[in-house]
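Have a look at the structure below, then the notes.
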Amino acid sequence: MSAVLIVEDEQHLADGLRFNLEAEGYTVDTVNDGESALALLVDEQQRYDALVLDVMLPGKDGFEVAAELRAAGHYVPVLMLTARGRPEDVLRGFESGADDYLPKPFELSVLLARLNGLLRRREWFHRDQTQSQSSAIPEQSSPPTADAGPEEFRFAGRIIDFGNLELRTPQQTIRLTLMEAQLLRYLIRHGGNVVSRKAILEDVWGLNEDTDTRAIDNFVVRLRKYLEDDPAKPIHLLTVRGVGYRFVAEGEK
Numbered sequence: 333m334s335a336v337l338i339v340e341d342e343q344h345l346a347d348g349l350r351f352n353l354e355a356e357g358y359t360v361d362t363v364n365d366g367e368s369a370l371a372l373l374v375d376e377q378q379r380y381d382a383l384v385l386d387v388m389l390p391g392k393d394g395f396e397v398a399a400e401l402r403a404a405g406h407y408v409p410v411l412m413l414t415a416r417g418r419p420e421d422v423l424r425g426f427e428s429g430a431d432d433y434l435p436k437p438f439e440l441s442v443l444l445a446r447l448n449g450l451l452r453r454r455e456w457f458h459r460d461q462t463q464s465q466s467s468a469i470p471e472q473s474s475p476p477t478a479d480a481g482p483e484e485f486r487f488a489g490r491i492i493d494f495g496n497l498e499l500r501t502p503q504q505t506i507r508l509t510l511m512e513a514q515l516l517r518y519l520i521r522h523g524g525n526v527v528s529r530k531a532i533l534e535d536v537w538g539l540n541e542d543t544d545t546r547a548i549d550n551f552v553v554r555l556r557k558y559l560e561d562d563p564a565k566p567i568h569l570l571t572v573r574g575v576g577y578r579f580v581a582e583g584e585k
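Everything in the sequence shown is counted per the numbering used here, starting at 333 for the first residue and increasing by one.
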């Protein structure tokens with residue numbers, strides 16, 4: 333049984349979501365502001381399997397809550413509710429650390445589908461840790477296939493552990509958000525090939541191709557800090573001007 337925390341200041345909406353999610357078998361708690369959510373998740377370290385987070389909240393908004401959760405090392409999957417589904421809100425949500433989004437107003441069936449999908453992806457990344465360890469990919473081996481389960485991908489002295497959402501380097505271990513892991517996995521799966529921004533928007537984030545692509549560039553800047561010895565002179569995550577990006581495991585100078 334999955335536990336969900338709903339952060340929503342419209343009481344009638346919070347009550348309706350709680351009623352319907354409990355009818356689907358979820359354990360549900362609700363709070364009406366971001367400070368209360370952070371107190372539960374960070375200060376009291378309450379365990380939840382997913383967070384349904386409204387953007388428009390009194391005090392700290394949803395963007396601030398998501399960003400503070402990630403900064404505190406808390407990686408609960410976040411489904412963010414945006415007021416109008418504006419692309420700039422969606423992209424800002426992803427940059428804050430959200431894993432999926434849903435514009436208001438929404439159909440209950442759609443929210444349930446998004447929430448179930450988020451939990452399935454989380455289970456996919458975390459299931460069967462023994463299998464993850466036994467199926468580790470050797471140095472510079474073939475990228476994961478589309479239906480591959482959790483595994484490690486090794487290159488250039490780094491280990492991307494999709495099972496634990498971690499990237500390990502000789503100097504440090506970096507926790508990845510689910511969205512960062514999905515983007516990184518997508519780039520690795522297409523290793524050596526140019527991946528367009530349009531493809532990333534549609535295949536990883538489910539956004540229309542006419543959406544502003546600056547958030548992708550910001551994600552890539554962040555990933556380069558994880559992947560590259562010198563992020564200003566990348567040899568693994570390369571920009572293909574006017575098109576998108578290309579991942580090269582063995583490095584390219």
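Beta carbons are placed, not taken as given, at the ideal position from N, Cα and C, and that holds for glycine.
For Met511, the enclosing alpha helix (DSSP H) begins and ends at Leu510 to Arg521. Taking the C-beta atoms as reference points, Leu451 is found nearer than 7 Å to Ser334. In this structure Glu356 is exposed. Its beta-carbon is surrounded by fewer than 16 other beta-carbon atoms within 10 angstroms. With a threshold of 16 other beta carbon atoms within 10 Å, Glu340 meets it and is buried.
Looking at Ala445, Val363 and Asn352, the one whose alpha-carbon comes closest to that of Gly391 is Val363. Comparing alpha-carbon positions, the option among Gly495, Gly489, Gln343 and Glu396 lying closest to Gln504 turns out to be Gly489. A straight line joining the alpha-carbon of Val397 with that of Trp537 spans about 21 Å. Boundaries of the alpha helix (DSSP H) around Ser368: Gly366 to Leu370. With respect to Val526, Val575 sits close: the two C-beta atoms are nearer than 7 Å.
Put simply, the backbone Cα of Ser368 is about 17 Å away from that of Met412.
In this chain, the beta strand (DSSP E) harbouring Ile492 covers Arg490 to Asp493. Between Leu510 and Asp431, the beta carbon gap of about 4 Å places them in contact (Cβ cut-off 8 Å). Per DSSP, the beta-bridge partners of Val339 are Val363 and Leu385. In the DSSP assignment, Leu555 falls within the alpha helix (DSSP H) that extends over Arg546 to Leu559. Residue pairing of Ser428 in beta bridges, as defined by DSSP: absent, with no partner found.
Buried is the label assigned to Pro409, since at least 16 other Cβ atoms lie within 10 Å of its Cβ. With distances taken between CA atoms, Pro435 lies nearest to Arg446 out of Glu427, Arg446 and Phe494. Put simply, of Val552, Tyr558 and Glu560 the residue whose alpha carbon is nearest the alpha carbon of Thr571 is Val552. Here DSSP, grouped into helix, strand and coil, assigns Gly449 to helix.
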